[in-house]
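Worksheet: the structure to be examined is printed underneath.
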Amino acid sequence: MAPDSTAATQTVVTTAQPPMIRAHALSKVFRSAGSKPVHALKELDFGIERGEFISVIGQSGCGKSTLLKILAGLVRHSSGSLAINGRPIDGPSPECAVVFQSPVLFPWRTVLQNVLLPIEFKRLSVGEYRDRALSILNMVGLQDFVGRYPYELSGGMQQRVAIARALIQDPSLMLMDEPFGALDAMTREQMNLELLRLWSHTKNTVVFITHSVSEAIFLSDRVIAMTARPGAIAEIVDIDLPRPRDLSVINTAEFGNYAKRLRKHLQATGAMF
Amino acid sequence: MANALEDGIANELSPDDSSRRSWFLRNPHLTLSPLVLIALVAVWWLATHVFGTPPYILPSPEDVLRSLTAGFSRQPFEVSSYWYHTGITVWEAVLGFVLGSAFGAVLGIALCHWTILGAVSYPYIVAFQSLPKVALAPLMVVWFGFGLDGKIFITAIITFFPVLANMMAGYQSVDPDRIDLARSCRANDWQLLTKVILPSSLPFLFAGLSTASVLAILGAIVGEFVGASAGLGMLLMQYNQSLETAPMFAVIIILGLIGCLMSYAVSVVERRYCFWAHRSAARNKG
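Line by line, the protein sequences are chains Z and P.
Per the working numbering: the first sequence = residues 17 to 289.
Per the working numbering: the second sequence = residues 342 to 627.
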């Protein structure tokens, strides 16, 4: 665990640098022949600082996953400007790592081989990263499952592998698209705690998409609440809760106030927890 | 066989009788399947010996066995030996299968990768696929003569289509998240193909290969029916003309065994390289 935390502290902020992400009037319109254009995102303005944990909440279909794919360089935005580290985005960036809603593990690869996959894609030496992969797997509590296949793991464990696979890229920006959405409530709380623990070591910037208000408040420094389609920013809320946080923070009055404030923007009953 | 059976029972031995019965039912491939075979042969024997079916309609089991042993006891390279003809037919089937399915897989990838190519050739592929390929067999004799080439060619054409169709289905059903993941790690096209698309399509590819492995024998036999100087299909036609039904049965049994072996070989390779597919499907999609 020690080598990772030292490696991570090197990436910490100096204030002179440009913000991690700057978006101005960012819009996305999906056009396909024979049907009306769909406005997924409308004129988003926001900045994200280095080392910040930001959540984006909104109803299903509000374009939050589209936003994440645009940040990841997987989808092009239609208008407006978007820069990561002061450079406009054109395609996937080497400093980004993505964790998807489903773990997206390759079933023909063992846990270790799955974690090393990005290293192969980036044409780096797998041998040199092996030890690092093992220490990351140790950090996410999977040291005993290194040689197992994904189908031998539970849903929560699979998602830990996905997180380990993101961490091995040593990303300065982690993009997480409802990573715990498919897990049961207990596992989800536990994964939230572990994510905060990991983040306290890596101190990278995290953009975390969720439709759970309490998950967003519990994890984040700031929460971006989005309106229903076309997705626009309804409000950006600073979460002023002390860190390190544990689950008891959920029962505090401040937490309740934040939840009430954010929930206003999500009328749908499905977005309760 | 009997020993293995007794050992199995001995290993499972426990105080009450029910576990013995359950072993019997838990391993139907070792217990019930051979019984079915014995029953079938018994009915066959009864039909020939008791009910007096004439031998040119249905030869007796002993006669068929005698043909088999006679055919296989000759020197492998003698023209009257079953080894020789079996070898020829297996060679045609296997080589045609390998060529046809390799070409089908490669073309399937190409048509999916270059979508314009796929769009242009799709109507022709559909048209050619709906053509009964065996109808081409007589043409093969004209083009290739009585040698092996024509049989290999017709086998390749017949095995080509199921592999092509399944390869394309496999390519198109790759989970888009896997592709996004690879692209987010800046994978290039070649890595995308070899590390994501091909392995993801393996279950489909193997479904195609197992269909093709059965069709391969069909292709070789049809090719030999139309005109050949050697092979099991040619033997079958010869025996047919002289109404020798016992050796015909022998050849049919050999063909059945070859078919079983070929699809077994494919399933062995599948279990080796695609072991994860069934187990992953059994759990939730991950």
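Heads up, the beta-carbon is just placed ideally off N, CA and C, and yes, glycines get one too.
8 Å contact criterion, which residue i and residue j should meet: CB distance rounded
i	j	result
isoleucine 255 of chain Z	serine 236 of chain Z	5 Å
leucine 399 of chain P	threonine 410 of chain P	In fact, because the Cβ distance is near 19 Å, the residues do not count as touching under 8 Å.
threonine 226 of chain Z	leucine 189 of chain Z	At roughly 17 Å, the Cβ-Cβ gap does not stay under 8 Å, so threonine 226 of chain Z and leucine 189 of chain Z are not in contact.
alanine 571 of chain P	isoleucine 429 of chain P	5 Å
proline 540 of chain P	phenylalanine 137 of chain Z	The Cβ separation is near 14 Å, so there is no contact.
phenylalanine 62 of chain Z	alanine 99 of chain Z	Contact doesn't hold; Cβ gap of about 12 Å is too wide.
alanine 241 of chain Z	leucine 60 of chain Z	Rounded, the Cβ-Cβ distance is 12 Å, inconsistent with contact.
phenylalanine 494 of chain P	phenylalanine 485 of chain P	6 Å
cysteine 112 of chain Z	proline 187 of chain Z	6 Å
glycine 549 of chain P	valine 504 of chain P	4 Å
glycine 77 of chain Z	serine 109 of chain Z	Actually they are not in contact, since the Cβ atoms of glycine 77 of chain Z and serine 109 of chain Z sit about 27 Å apart, beyond 8 Å.
Residue i - partner residues in DSSP beta bridges
i	result
histidine 55 of chain Z	Z:Val45
histidine 40 of chain Z	Z:Ser97
isoleucine 252 of chain Z	Z:Ile240
aspartate 193 of chain Z	Z:Ile225
serine 247 of chain Z	Correcting the residue identity first, residue 247 of chain Z is glycine in this sequence and not serine. Per DSSP, Z:Leu57.
isoleucine 64 of chain Z	Z:Ile37
Exposed unless 16 or more other CB atoms sit within 10 angstroms - verdict on residue i
i	result
aspartate 262 of chain Z	exposed
isoleucine 593 of chain P	exposed
tyrosine 512 of chain P	buried
isoleucine 457 of chain P	exposed
cysteine 601 of chain P	exposed
arginine 66 of chain Z	buried
isoleucine 562 of chain P	buried
methionine 202 of chain Z	exposed
alanine 380 of chain P	exposed
leucine 42 of chain Z	buried
threonine 535 of chain P	exposed
arginine 613 of chain P	exposed
glutamine 175 of chain Z	buried
alanine 476 of chain P	exposed
histidine 619 of chain P	exposed
valine 377 of chain P	exposed
phenylalanine 469 of chain P	exposed
tyrosine 397 of chain P	exposed
phenylalanine 418 of chain P	exposed
asparagine 130 of chain Z	buried
methionine 17 of chain Z	Its pLDDT being 40, under 50, methionine 17 of chain Z is placed unreliably by the model, and the measurement read from it follows with that caveat. Methionine 17 of chain Z should be labelled exposed.
alanine 460 of chain P	exposed
glutamate 251 of chain Z	exposed
phenylalanine 392 of chain P	exposed
lysine 80 of chain Z	buried
glutamine 33 of chain Z	exposed
tyrosine 465 of chain P	exposed
threonine 268 of chain Z	exposed
leucine 480 of chain P	exposed
glutamate 144 of chain Z	exposed
lysine 276 of chain Z	exposed
Segment limits, beta strand (DSSP E) that includes residue i
i	result
arginine 238 of chain Z	238-242
leucine 546 of chain P	Note, leucine 546 of chain P: premise wrong, no beta strand (DSSP E); alpha helix (DSSP H) at 539-567.
isoleucine 73 of chain Z	69-73
8 Å Cβ cut-off: residues of chain C touching residue i
i	result
proline 540 of chain P	Within the model displayed, chain C is absent; protein chains Z and P are what it includes.
Segment limits, alpha helix (DSSP H) that includes residue i
i	result
phenylalanine 485 of chain P	478-485
isoleucine 179 of chain Z	171-183
isoleucine 398 of chain P	Per DSSP, isoleucine 398 of chain P belongs to no alpha helix (DSSP H) and is neither H nor E.
phenylalanine 502 of chain P	489-513
tryptophan 386 of chain P	369-390
phenylalanine 590 of chain P	586-614
glutamine 470 of chain P	456-470
glycine 574 of chain P	573-582
alanine 201 of chain Z	201-218
isoleucine 86 of chain Z	80-87
aspartate 186 of chain Z	Unbroken run through aspartate 186 of chain Z: none, as it is neither H nor E.
isoleucine 520 of chain P	517-525
tyrosine 165 of chain Z	Taken as a continuous stretch (DSSP letters only), tyrosine 165 of chain Z belongs to no alpha helix (DSSP H), as it is neither H nor E.
arginine 277 of chain Z	269-279
In the segment 91-152 of chain Z, which residue ranges form an unbroken alpha helix (DSSP H) of at least 4 residues, counting only runs that do not cross its ends?
-> 127-137
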